[in-house]
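Novice:
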Amino acid sequence: MASEQLEQFEGAATIEKVASLCRRRGFVFPTSDIYGGLGSSFDFGHYGVLLNDNVKAEWRRSMIQERDDVVALDSAIILNPQVWVASGHVDTFSDPLVDCRTCKLRFRADQLELASCGKRPSKHPGEYSECDLTEPRAFNLMFETYVGALRDDASIAYLRPETAQGIFVNFKNVTSSMRVKPPFGIAQIGKSFRNEITPGNFLFRMREFEQMEMEFFVPPPDAEEWHRYWIDRRHSWHLDLGLRTSHLRIRAHEAEELSHYARATSDIEYLYPIGWQELEGVANRGDYDLRQHTEASGTTLEWVGHEERYVPYVIEPAISVVRSTLAFLCDAYDEEVVAERPRTVLRLHPRLAPVKVAVLPLIGKDAAMTEKARSLYEELRKTMSAEYDDAAAIGKRYRRQDEIGTPWAVTIDEQTIADGTVTLRDRDTLAQERIAIDGVRQLLVDRLG
Ligand code: GAP
Numbered sequence: 066m067a068s069e070q071l072e073q074f075e076g077a078a079t080i081e082k083v084a085s086l087c088r089r090r091g092f093v094f095p096t097s098d099i100y101g102g103l104g105s106s107f108d109f110g111h112y113g114v115l116l117n118d119n120v121k122a123e124w125r126r127s128m129i130q131e132r133d134d135v136v137a138l139d140s141a142i143i144l145n146p147q148v149w150v151a152s153g154h155v156d157t158f159s160d161p162l163v164d165c166r167t168c169k170l171r172f173r174a175d176q177l178e179l180a181s182c183g184k185r186p187s188k189h190p191g192e193y194s195e196c197d198l199t200e201p202r203a204f205n206l207m208f209e210t211y212v213g214a215l216r217d218d219a220s221i222a223y224l225r226p227e228t229a230q231g232i233f234v235n236f237k238n239v240t241s242s243m244r245v246k247p248p249f250g251i252a253q254i255g256k257s258f259r260n261e262i263t264p265g266n267f268l269f270r271m272r273e274f275e276q277m278e279m280e281f282f283v284p285p286p287d288a289e290e291w292h293r294y295w296i297d298r299r300h301s302w303h304l305d306l307g308l309r310t311s312h313l314r315i316r317a318h319e320a321e322e323l324s325h326y327a328r329a330t331s332d333i334e335y336l337y338p339i340g341w342q343e344l345e346g347v348a349n350r351g352d353y354d355l356r357q358h359t360e361a362s363g364t365t366l367e368w369v370g371h372e373e374r375y376v377p378y379v380i381e382p383a384i385s386v387v388r389s390t391l392a393f394l395c396d397a398y399d400e401e402v403v404a405e406r407p408r409t410v411l412r413l414h415p416r417l418a419p420v421k422v423a424v425l426p427l428i429g430k431d432a433a434m435t436e437k438a439r440s441l442y443e444e445l446r447k448t449m450s451a452e453y454d455d456a457a458a459i460g461k462r463y464r465r466q467d468e469i470g471t472p473w474a475v476t477i478d479e480q481t482i483a484d485g486t487v488t489l490r491d492r493d494t495l496a497q498e499r500i501a502i503d504g505v506r507q508l509l510v511d512r513l514g
């Protein structure tokens, strides 16, 4: 596959440029900024919230709404701690870490690029220092907390490191209350928490992040076929929402990199500006989780019906909102020069764009124009995310909308007052068409599909 040969991100984006635009335009801020921030944690501003919401809405549309074999769930973040013992996370959800006795820094042992002389990059880029590393030790990634008034071992609980377990422990509730039968899925979006050690790269690896996970329960003999099906479906989802084919590839895990629960996993990798990285994992978890919870809880989790009884296998597509949002931002980010003026534009798929349409009176101080523009804006915002802007010169207003990725701008000018037409400007082609003001809403609804 040609895409496999690609080594460098094709496009204008770098992580720094995307992060800078996100901050400048109110998508993403470093968290607790005024106190110096907190590693690998970010807050989302207005446009970031809208963009993330659109990513989640598209996931829900494809995984739940447009299917009849997947139901939704929203389980608690803090579960009975026995869940995490049974799932294997208390024992095995860890990274191997090494400490340097000299500089006191801590590194992931599997990410240390040791030179043959035993030197490793120092904390100062470009320098190398002799190193005095400890043996690797397992460091559990789960955040601990206490439930209730006492702070003793019996009250320790965990912030969930994946949403999946909330689904497995609800298997019986769902099968006995909903009209489902394997093959069927349970889908959930919600926050997960991991005490990640390797920081950096903006939204790529965070300590709290929303996951979008779906556990698809199938008869065991059909598991491999369904695994292939979901890898393909999820790959198409990213492409349909605009990621470039050459920036996506599918990579099957080697036996030694499989998680403790997985029989097979394929990652859908995206060529971020920092290189090929996991965007989404699609795992065949076999019957591991349902059997573990059956044994630990004493409640049998199996499918019973139509003269059959078995423990289903589970196929799991799992992705975080932030990895998806970051991939869409990197792919969409573009810089170009138009009429000798530089412009930065986010060519987001219209369904993902935080704002679908901007309504702009050509002259912000003209009462007739602003009145017409406001009334069109108030009509449009009932059906889609819209913005009204009458401040600054029209060119500056267009550039602002280009940077937040607004696919269409409607301009109200003198001719609108005379004949009821407006200009509709396309973010990508910059083409302007003259259309009747009364037809704007329906035209945009049709284009959004
Ligand atoms: N339930 C399976 C599971 O959680 P995972 O590969 O550890 O598997 C699934 O995580 C997805 O969650 C990843 O493919 C990635 O999209 C996202 N993810 C994992 N850790 C993350 C982090 N620290 N920050 C942002 N996203 C993360």
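Counting in this note's numbering, the sequence shown runs from 66 upward without gaps.
Even for Gly, the Cβ is constructed at its ideal location relative to N, Cα and C.
Taking all protein chains shown into account, decide if T471 is buried (16 or more other Cβ within 10 angstroms of its Cβ) or exposed.
Specialist: buried
Novice: Answer yes or no: the CB of M271 versus the heavy atoms of ligand 1, is any distance below 8 Å?
Specialist: yes
Novice: Can you give the Cα-Cα distance for A501 and L304, rounded to whole angstroms?
Specialist: 34 Å
Novice: Could you check how far apart the C-beta atoms of H325 and I380 are, in whole angstroms? I think they sit under 8 Å.
Specialist: Rounded, the Cβ-Cβ distance is 17 Å, inconsistent with contact.
Novice: Could you check whether the Cβ of I469 sits closer than 9 Å to any Cβ belonging to chain B?
Specialist: No chain B is part of this structure, which consists of one protein chain only.
Novice: Could you give the uninterrupted runs of the alpha helix (DSSP H) lying entirely in the segment 384–450, keeping only those of 4 residues or more?
Specialist: 386–397 and 432–445
Novice: In chain order, which beta strand (DSSP E) runs of at least 3 residues are fully inside the segment 94–172?
Specialist: 107–109, 135–137 and 159–164
Novice: Closer than 8 Å is the cut-off here; do at least three beta carbon pairs connect the segment 307–326 with the segment 113–131?
Specialist: As far as the Cβ criterion goes, the segment 307–326 does not touch the segment 113–131, which means the pair count is below three.
Novice: Run through DSSP, which three-state label would E334 get?
Specialist: strand
Novice: Please report the Cβ distance between V422 and W473, rounded to the nearest whole angstrom; I am assuming they are in contact, meaning their Cβ atoms lie under 8 Å.
Specialist: 5 Å
Novice: For R388, collect the residues of the same chain with a Cβ closer than 6 Å to its Cβ; drop the 5 residues on either side in sequence, then sort them by chain order.
Specialist: L344
Novice: Anyone know if the C-beta pair for T240 and S140 falls short of 9 Å?
Specialist: no
Novice: Any idea if Q276 is buried or exposed, counting beta-carbon neighbours within 10 angstroms, 16 or more meaning buried?
Specialist: buried
Novice: Please name the residue or residues paired with P382 in a DSSP beta bridge.
Specialist: V347
Novice: CB of T228 to nearest heavy atom of ligand 3: below 8 Å?
Specialist: Of the ligands this structure carries, namely ligand 1, none is ligand 3.
Novice: With distances taken Cα to Cα, identify the nearest neighbour of L445 among D431, L425 and G460.
Specialist: L425
Novice: When the Cα atoms are used, what is the spatial distance from F236 to S257?
Specialist: 20 Å
Novice: Quick one: residues in its chain with C-beta nearer than 7 Å to the C-beta of E209, no 5 flanking neighbours on either side, listed in chain order?
Specialist: I221 and Y223
Novice: Whole-angstrom Cβ separation of E83 and G113, contact assumed at under 8 Å?
Specialist: A quick correction: the sequence has Val, not Glu, at residue 83. About 12 Å separates the two Cβ atoms, so there is no contact after all.
Novice: Between the segment 354–361 and the segment 145–152, do at least 3 Cβ pairs fall closer than 8 Å?
Specialist: yes
Novice: Based on the DSSP output, what are the partners of N578 in its beta bridges?
Specialist: In the structure as shown, the chain starts at 66 and stops at 514, and residue 578 therefore has no counterpart that could be examined.
Novice: With a threshold of 8 Å, establish whether the CB of V531 neighbours any heavy atom of ligand 1.
Specialist: Lying before the first or after the last residue shown, residue 531 is absent from the chain, which here runs from 66 to 514.
Novice: Within 10 Å of its beta-carbon, does C168 have 16 or more other beta-carbons around it, so buried, or fewer, so exposed?
Specialist: Exposed, by the Cβ-count rule.
Novice: Using 8 Å as the cut-off, classify the Cβ of F274 as near or not near the heavy atoms of ligand 1, replying yes or no.
Specialist: yes
Novice: F74 to P247, Cα distance in whole Å?
Specialist: The straight-line gap from Cα to Cα measures roughly 40 Å.
Novice: Between which two residues does the beta strand (DSSP E) holding G460 run?
Specialist: G460 -> not in any beta strand (DSSP E); alpha helix (DSSP H) instead, spanning I459 to I469.
Novice: Find the nearest neighbour of V347 within the set N119, L86, S152 and E280, judged by alpha-carbon distance.
Specialist: E280
Novice: Between I129 and T330, what straight-line distance do the alpha-carbon atoms span, to the nearest angstrom?
Specialist: The straight-line gap from Cα to Cα measures roughly 22 Å.
Novice: Within the same chain, show all residues whose beta-carbon is closer than 6 Å to that of D352, passing over the 5 residues directly before and after it, in chain order.
Specialist: V376 and Y378
Novice: Contact check, S159 vs A203 under 8 Å by CB: the rounded distance?
Specialist: With a beta-carbon spacing of about 4 Å, S159 and A203 fall inside the 8 Å limit used to define contacts.
Novice: Sort P201, F393, W295 and P284 by Cα distance to G370 and report the nearest one.
Specialist: Ranked by Cα distance from G370, the options P201, F393, W295 and P284 are led by P284.
Novice: Determine the contact status of G340 and R406, defining contact as a CB-CB distance below 9 Å.
Specialist: no
Novice: DSSP three-state label for E498, please.
Specialist: strand
Novice: Is it the case that the CB of I339 approaches a heavy atom of ligand 1 more closely than 8 Å?
Specialist: no
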